[in-house]
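**Student:** Before anything else, here's the structure in question.
There are 10 protein chains.
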Amino acid sequence: MLYCVRMDVQIPHDYPAERIEMLKAEEKARAIELQRAGVWRHLWRIAGAYANISIFDVASHDELHTLLSTLPLFPFMAIVVTPLARHPSAID
Amino acid sequence: MLYCVRMDVQIPHDYPAERIEMLKAEEKARAIELQRAGVWRHLWRIAGAYANISIFDVASHDELHTLLSTLPLFPFMAIVVTPLARHPSAID
Amino acid sequence: MLYCVRMDVQIPHDYPAERIEMLKAEEKARAIELQRAGVWRHLWRIAGAYANISIFDVASHDELHTLLSTLPLFPFMAIVVTPLARHPSAID
Amino acid sequence: MLYCVRMDVQIPHDYPAERIEMLKAEEKARAIELQRAGVWRHLWRIAGAYANISIFDVASHDELHTLLSTLPLFPFMAIVVTPLARHPSAID
Amino acid sequence: MLYCVRMDVQIPHDYPAERIEMLKAEEKARAIELQRAGVWRHLWRIAGAYANISIFDVASHDELHTLLSTLPLFPFMAIVVTPLARHPSAID
Amino acid sequence: MLYCVRMDVQIPHDYPAERIEMLKAEEKARAIELQRAGVWRHLWRIAGAYANISIFDVASHDELHTLLSTLPLFPFMAIVVTPLARHPSAID
Amino acid sequence: MLYCVRMDVQIPHDYPAERIEMLKAEEKARAIELQRAGVWRHLWRIAGAYANISIFDVASHDELHTLLSTLPLFPFMAIVVTPLARHPSAID
Amino acid sequence: MLYCVRMDVQIPHDYPAERIEMLKAEEKARAIELQRAGVWRHLWRIAGAYANISIFDVASHDELHTLLSTLPLFPFMAIVVTPLARHPSAID
Amino acid sequence: MLYCVRMDVQIPHDYPAERIEMLKAEEKARAIELQRAGVWRHLWRIAGAYANISIFDVASHDELHTLLSTLPLFPFMAIVVTPLARHPSAID
Amino acid sequence: MLYCVRMDVQIPHDYPAERIEMLKAEEKARAIELQRAGVWRHLWRIAGAYANISIFDVASHDELHTLLSTLPLFPFMAIVVTPLARHPSAID
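Residue numbers (my numbering), protein chains in the order written: chain A, 10 to 101; chain B, 10 to 101; chain C, 10 to 101; chain D, 10 to 101; chain E, 10 to 101; chain F, 10 to 101; chain G, 10 to 101; chain H, 10 to 101; chain I, 10 to 101; chain J, 10 to 101.
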């Protein structure tokens with residue numbers, strides 16, 4: 010089941026720099042892991058923003074929430090979730 | 010080059026029914042044609058809405074605008090275009 | 010799988026009165042049918058508005074979209090869908 | 010009398026970690042207590058967000074306000090309250 | 010139990026003039042009746058707008074919804090309802 | 010002359026606790042004083058929020074501004090002022 | 010007492026042309042009359058819009074509402090009223 | 010003096026088709042004329058929308074308003090005007 | 010050339026008190042100076058807010074920007090600028 | 010390929026002053042460099058705001074994102090990107 014997820018990241022300027030770097034490295038590792046597992050189907054950068062548009066393919070809302078809420082940068086993200094259904098004109 | 014495009018369709022209730030059906034059929038045919046041509050890469054229905062989220066892969070803004078503005082339902086759509094760049098954590 | 014769905018109804022004042030009544034009767038029949046089938050789990054009126062907040066329990070986004078988009082008043086509704094996950098403090 | 014209540018939690022990043030944990034534990038205990046008492050009828054997590062949608066069943070606005078404003082995380086919540094009336098098509 | 014209710018009226022310009030006058034007269038009669046009954050406690054015009062801010066005193070959300078949704082001008086109103094609790098600094 | 014005033018209070022979490030308590034006590038004393046003087050005609054708590062809806066009865070915009078801007082919690086309030094005129098259907 | 014009033018005019022395209030012209034002529038005559046009477050103190054066009062920003066000087070909210078609600082184009086206006094107090098740094 | 014002007018065009022679906030075509034042709038002629046005169050310095054289409062972003066170079070707000078308000082499609086446009094000053098880092 | 014300028018001031022609560030007082034005194038002196046010079050034509054307090062609505066009369070956008078961006082409180086202001094043209098019904 | 014980019018800068022008041030000055034100097038140098046390279050085609054100050062409207066001419070979304078996200082002030086900017094297509098009435 011597909012979800013379109015937009016994540017906007019906003020890290021406070023006074024957050025310790027070394028912890029940010031650690032969080033970003035962990036976030037990247039986790040993103041790669043979830044893409045390889047096939048649940049994070051697409052991951053695009055929004056041009057000009059510290060934000061992404063992603064497509065997730067998971068079995069349930071619970072699984073989606075678990076994935077998103079355990080992302081290392083989750084506390085600094087504003088997230089919008091849009092459930093996607095099959096489009097009658099889609100050919101795939 | 011990728012664009013995320015959201016289209017919300019709103020057809021006035023007093024628009025002639027037979028013309029709506031014709032427009033919808035033309036829209037569907039055009040959507041299938043553009044998907045087969047590889048420029049309309051993804052087409053998803055937003056659950057609960059007469060709207061879609063799409064990914065287009067075209068060579069320029071001009072090509073995108075030509076494609077979107079000649080869609081049969083274009084006069085009845087509110088469209089939001091988001092340019093997508095490569096994400097540093099994407100694996101594809 | 011649960012979804013919170015808010016529906017706001019707006020019927021154009023120049024829509025034929027007899028067709029509105031027919032649509033409303035069909036809508037009511039359909040709402041009762043879906044509640045009895047267990048998929049429309051809760052249906053509440055928002056006090057002071059021609060709108061409702063509902064809880065749907067369906068197997069997929071596709072099923073949700075099919076149910077909502079075939080409601081007789083769907084063309085006159087603005088719909089907001091919120092996917093609901095289990096809350097760690099919920100006891101049910 | 011029913012109210013739909015949406016709570017979005019936002020804890021400042023420089024708030025002491027041990028106090029957050031304490032507040033969260035107290036919040037959870039209070040949520041369970043109020044659910045068992047029958048006043049917090051439903052509690053759902055919004056997928057992808059540190060937020061919930063809840064249904065409260067209380068005797069008055071005063072009782073609702075007392076319950077919400079004494080939640081341990083209340084100072085960090087943005088809350089939207091929607092009074093719910095009986096829907097003419099509801100079967101329960 | 011008190012509710013603050015804001016009503017903004019918007020009547021389509023092509024609505025038959027004589028029916029508007031009739032609706033307005035009925036609305037006025039009903040407003041006076043409900044004020045005399047003590048349920049419509051305050052009724053103020055918002056300066057510069059075809060809108061009002063009102064205070065209702067009713068026993069339940071159901072009663073409020075019944076009162077508002079049967080107002081003659083209800084189909085042309087955008088209504089915002091705010092439940093009011095006792096303020097700890099209020100002296101009345 | 011009447012004004013509807015909505016005040017939303019937001020106190021930063023790192024503001025000294027003892028100064029907050031002092032400000033709140035002063036605010037309460039001032040609110041009671043102004044109610045007794047007849048200028049703060051109504052004061053209601055918005056259920057579920059650290060906010061109020063109030064009705065002020067003062068001689069001029071200048072008087073209103075002086076009253077509001079000298080409230081002890083004024084620096085932490087977002088305030089919306091709506092001038093109220095007599096409603097043609099009001100009976101009081 | 011001063012009020013800043015912004016008026017945005019939106020006339021439906023299918024409104025009879027001769028009536029629009031009549032309304033506009035009446036509106037202009039009324040605007041001139043109220044400026045000469047000293048109550049409509051300033052009247053500026055917002056560059057690029059069918060809208061104005063005005064300053065009214067009247068004795069009460071009631072007087073302001075009477076003036077605005079009897080403007081010939083009032084049914085086609087969205088109006089925002091902002092009460093103005095004396096500024097402590099103003100020299101006039 | 011420069012202004013950034015965004016124009017969004019929305020033509021009602023029941024507007025006579027031949028008059029739309031006439032207005033569009035007049036609009037195009039006028040746009041070309043103003044560009045040649047040097048006052049409409051830039052004119053870009055917003056990709057995916059019936060809208061443009063333009064740069065005007067005129068002597069005053071009055072001149073800008075006269076130009077915009079006499080555009081043939083002005084009655085169907087939502088216009089946002091942003092005055093532009095010299096940027097301290099600009100090299101032109 | 011006239012501009013309507015709205016300025017909303019928001020000073021962080023942890024900004025040094027003595028510097029705030031100094032900035033406010035400088036702001037006041039500058040406001041008086043600019044009013045006397047005839048460029049800051051009107052300055053009104055918005056009732057109930059730490060905000061003002063002002064009318065500036067300057068020769069160009071550049072001059073306006075220089076004036077506003079050198080105000081002592083500029084770093085703490087949200088500013089909205091609206092260019093004003095002559096209104097065809099204005100008598101001054 | 011052209012993009013309209015609006016950048017609004019907001020620097021926290023407690024950010025070290027000497028680092029701000031350094032960042033601003035680097036930002037200016039970079040802006041001049043990119044203008045000379047022909048990719049930052051226009052750079053205008055929005056009158057009354059710490060913000061700019063710019064036109065970029067780059068080969069791809071990726072190039073645009075790289076340019077914007079490496080600007081020294083990027084962490085303090087809110088950025089809106091609008092892809093621009095050729096306008097059928099443009100003469101250049």
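Note that CB positions come from ideal geometry on N, CA and C, so glycine has one too. Please read all numbers here as calculations on a predicted model, not as lab measurements.
For Arg39 of chain I and Thr75 of chain I, I'd like the C-alpha separation in whole angstroms.
**Tutor:** Within the ninth sequence, numbered from 1, the residue matching residue 39 of chain I stands at position 30. Within the ninth sequence, numbered from 1, the residue matching residue 75 of chain I stands at position 66. About 13 Å.
**Student:** Measuring straight from C-alpha to C-alpha, what distance separates His70 of chain G and Thr79 of chain G?
**Tutor:** To locate residue 70 of chain G, count along the seventh sequence from 1; it is residue 61. To locate residue 79 of chain G, count along the seventh sequence from 1; it is residue 70. Roughly 14 Å between the two C-alpha positions.
**Student:** CB Glu35 of chain H to CB Pro81 of chain H, shorter than 9 Å?
**Tutor:** By 1-based counting over the eighth sequence, the position of residue 35 of chain H is 26. By 1-based counting over the eighth sequence, the position of residue 81 of chain H is 72. Yes, these two residues count as a Cβ contact at 9 Å.
**Student:** From Asn61 of chain J to Ala60 of chain H, what distance separates their C-alpha atoms?
**Tutor:** Counted from its first residue, the tenth sequence places residue 61 of chain J at position 52. Counted from its first residue, the eighth sequence places residue 60 of chain H at position 51. Rounded to whole angstroms, Asn61 of chain J to Ala60 of chain H spans 21 Å at the Cα level.
**Student:** Under the rule that 16 or more other beta-carbon atoms within 10 Å means buried, what is Gly57 of chain B, buried or exposed?
**Tutor:** The residue you call residue 57 of chain B lines up with position 48 of the second sequence. Gly57 of chain B is buried by the Cβ-count criterion.
**Student:** Please state the DSSP three-state secondary structure of Ile20 of chain G.
**Tutor:** Position 11 of the seventh sequence, counting from 1, holds the residue named residue 20 of chain G. Correct three-state label for Ile20 of chain G: coil.
**Student:** Any beta carbon from chain J within less than 9 Å of Tyr24 of chain B's own beta carbon?
**Tutor:** Start at 1 with the first residue of the second sequence, and residue 24 of chain B comes out as number 15. No, Tyr24 of chain B does not count as interfacial toward chain J.
**Student:** Verify the CB distance criterion: does Ser69 of chain A have a CB-CB separation below 9 Å to chain C?
**Tutor:** For the purposes of this step, residue 69 of chain A is taken as the residue at position 60 of the first sequence. At least one chain C Cβ lies under 9 Å of Ser69 of chain A.
**Student:** Since Met10 of chain J contacts Asp66 of chain J with CB under 8 Å, what's their CB separation in whole angstroms?
**Tutor:** Sequence index remark: in the tenth sequence, residue 10 of chain J carries index 1 (1-based). Sequence index remark: in the tenth sequence, residue 66 of chain J carries index 57 (1-based). At roughly 7 Å, the Cβ-Cβ gap stays under 8 Å, so Met10 of chain J and Asp66 of chain J are in contact.
**Student:** List the residues of chain L whose Cβ lies closer than 9 Å to the Cβ of His74 of chain B, in chain order.
**Tutor:** Looking for chain L here will not work: the only protein chains present are A, B, C, D, E, F, G, H, I and J.
**Student:** Use the C-beta contact count for Ala94 of chain C: other C-beta atoms within 10 angstroms, 16 or more gives buried, fewer gives exposed.
**Tutor:** By one-based count along the third sequence, residue 94 of chain C stands at place 85. Per the 10 Å Cβ criterion, buried.
**Student:** Mind checking Gln19 of chain I: buried by the 16 CB within 10 Å criterion, or exposed?
**Tutor:** Locating residue 19 of chain I in the ninth sequence gives position 10, counting from the first residue. Exposed: under 16 other Cβ atoms inside 10 Å.
**Student:** Between which two residues does the beta strand (DSSP E) containing Thr91 of chain I stretch?
**Tutor:** Sequence index remark: in the ninth sequence, residue 91 of chain I carries index 82 (1-based). Here the beta strand (DSSP E) through Thr91 of chain I covers Met86 to Arg95.
**Student:** For a contact defined as C-beta to C-beta under 8 Å, what are the partners of Ile20 of chain E on chain F?
**Tutor:** Mapped onto the fifth sequence, residue 20 of chain E falls at position 11. The premise fails here: Ile20 of chain E is roughly 16 Å from chain F at the closest Cβ pair, so nothing lies under 8 Å.
**Student:** For Leu43 of chain I, which residues in chain H fall below 9 Å Cβ to Cβ?
**Tutor:** One-based indexing of the ninth sequence puts residue 43 of chain I at position 34. In chain order: nothing, as chain H lies at least about 17 Å away.
**Student:** Mind pulling the chain G residues with CB within less than 9 Å of Pro84 of chain H?
**Tutor:** Position 75 of the eighth sequence, counted from the first residue, corresponds to residue 84 of chain H. Ile20, His22 and Tyr59, listed in chain order.
**Student:** Consult DSSP for Ala58 of chain F and reduce its assignment to one of helix, strand or coil.
**Tutor:** Residue mapping note: residue 58 of chain F aligns to position 49 of the sixth sequence, counting from 1. Reduced to three states, the DSSP call for Ala58 of chain F is coil.
**Student:** Do Thr92 of chain B and Tyr12 of chain B have their C-beta atoms closer together than 9 Å?
**Tutor:** If you number the second sequence from 1, residue 92 of chain B lands on position 83. If you number the second sequence from 1, residue 12 of chain B lands on position 3. The question names Thr, yet the displayed sequence has Pro at residue 92 of chain B. Their beta carbons are under 9 Å apart, which means Pro92 of chain B touches Tyr12 of chain B by this criterion.
**Student:** For Pro97 of chain J and Leu43 of chain H, I'd like the C-alpha separation in whole angstroms.
**Tutor:** Here residue 97 of chain J corresponds to residue number 88 of the tenth sequence, with the count starting at 1. Here residue 43 of chain H corresponds to residue number 34 of the eighth sequence, with the count starting at 1. Looking at the two C-alpha atoms, the distance is approximately 15 Å.
**Student:** Going along chain E, which residues have a C-beta under 8 Å from Leu77 of chain G?
**Tutor:** Translated into the one-based positions of the seventh sequence, residue 77 of chain G becomes position 68. Going along chain E in sequence order, the residues near Leu77 of chain G (Cβ under 8 Å) are Ala56 and Gly57.
**Student:** If distances are taken between C-alpha atoms only, which option among J:Ser63, J:Leu73, J:Glu72 and J:Leu77 comes closest to Trp15 of chain J?
**Tutor:** As a working mapping, residue 15 of chain J is identified with position 6 in the tenth sequence. In the sequence as displayed, the identity of residue 15 of chain J is Arg instead of Trp. The residue with the shortest Cα to Cα distance from Arg15 of chain J is J:Ser63.
**Student:** Mind checking if Val90 of chain J is an interface residue toward chain A, Cβ cutoff 9 Å exclusive?
**Tutor:** Indexing the tenth sequence from 1 puts residue 90 of chain J at position 81. Judged by the 9 Å Cβ criterion, Val90 of chain J is in contact with chain A.
**Student:** Applying the 10 Å Cβ sphere with the 16-neighbour rule, what's the burial state of Arg54 of chain B?
**Tutor:** The sequence position of residue 54 of chain B within the second sequence is 45, counting from 1. Result: buried.
**Student:** Tell me whether the beta-carbon of Glu72 of chain G lies closer than 9 Å to the beta-carbon of Val48 of chain G.
**Tutor:** One-based indexing of the seventh sequence puts residue 72 of chain G at position 63. One-based indexing of the seventh sequence puts residue 48 of chain G at position 39. Yes, these two residues count as a Cβ contact at 9 Å.
**Student:** Output the distance between the C-alpha atoms of Leu32 of chain B and Ala26 of chain H, rounded to the nearest integer angstrom.
**Tutor:** In the second sequence, residue 32 of chain B corresponds to position 23, counting from 1. In the eighth sequence, residue 26 of chain H corresponds to position 17, counting from 1. Cα to Cα, Leu32 of chain B sits roughly 17 Å from Ala26 of chain H.
**Student:** Considering Ser78 of chain I, what are the terminal residues of the alpha helix (DSSP H) in which it resides?
**Tutor:** One-based indexing of the ninth sequence puts residue 78 of chain I at position 69. Note, Ser78 of chain I: alpha helix (DSSP H), His70 to Ser78.
**Student:** So, with DSSP's three-state summary, where would you put Leu82 of chain B?
**Tutor:** Taking the first residue of the second sequence as position 1, residue 82 of chain B is located at position 73. Looking at Leu82 of chain B - three-state DSSP - the assignment turns out to be coil, as it is neither helix nor strand.
**Student:** Within the continuous alpha helix (DSSP H) that includes Ile29 of chain H, where are the two ends?
**Tutor:** For the purposes of this step, residue 29 of chain H is taken as residue 20 along the eighth sequence, with counting starting at 1. Ile29 of chain H -> alpha helix (DSSP H) spans Ala26 to Arg45.
**Student:** Which residues in chain D have a C-beta closer than 8 Å to the C-beta of Ala34 of chain C? List them in chain order.
**Tutor:** As a position in the third sequence, residue 34 of chain C is number 25, starting the count at 1. Within chain D, no residue comes near Ala34 of chain C; the closest Cβ sits about 10 Å away, beyond 8 Å.
**Student:** Tell whether a beta-carbon distance below 9 Å holds between His22 of chain A and Pro21 of chain J.
**Tutor:** Numbered from its first residue, the first sequence carries residue 22 of chain A at position 13. Numbered from its first residue, the tenth sequence carries residue 21 of chain J at position 12. Yes, they are a contact pair.
**Student:** Just checking: is the beta-carbon of Ala87 of chain F within a distance shorter than 9 Å of some beta-carbon in chain G?
**Tutor:** As a position in the sixth sequence, residue 87 of chain F is number 78, starting the count at 1. No, its Cβ sits nowhere closer than 9 Å to a Cβ of chain G.
**Student:** Report yes or no: is there a C-beta of chain A within less than 9 Å of the C-beta of Arg50 of chain C?
**Tutor:** Reading the third sequence from its first residue, position 41 is the one you call residue 50 of chain C. Arg50 of chain C does not count as touching chain A.
**Student:** Between the C-alpha atoms of Met86 of chain F and Met86 of chain A, what's the straight-line distance to the nearest angstrom?
**Tutor:** On the sixth sequence, position 77 is the one that residue 86 of chain F refers to. On the first sequence, position 77 is the one that residue 86 of chain A refers to. The straight-line gap from Cα to Cα measures roughly 26 Å.
**Student:** Rounded to whole angstroms, what is the Cα-Cα separation between Arg45 of chain A and Arg45 of chain B?
**Tutor:** As a working mapping, residue 45 of chain A is identified with position 36 in the first sequence. As a working mapping, residue 45 of chain B is identified with position 36 in the second sequence. In a straight line, the C-alpha of Arg45 of chain A is about 27 Å away from that of Arg45 of chain B.
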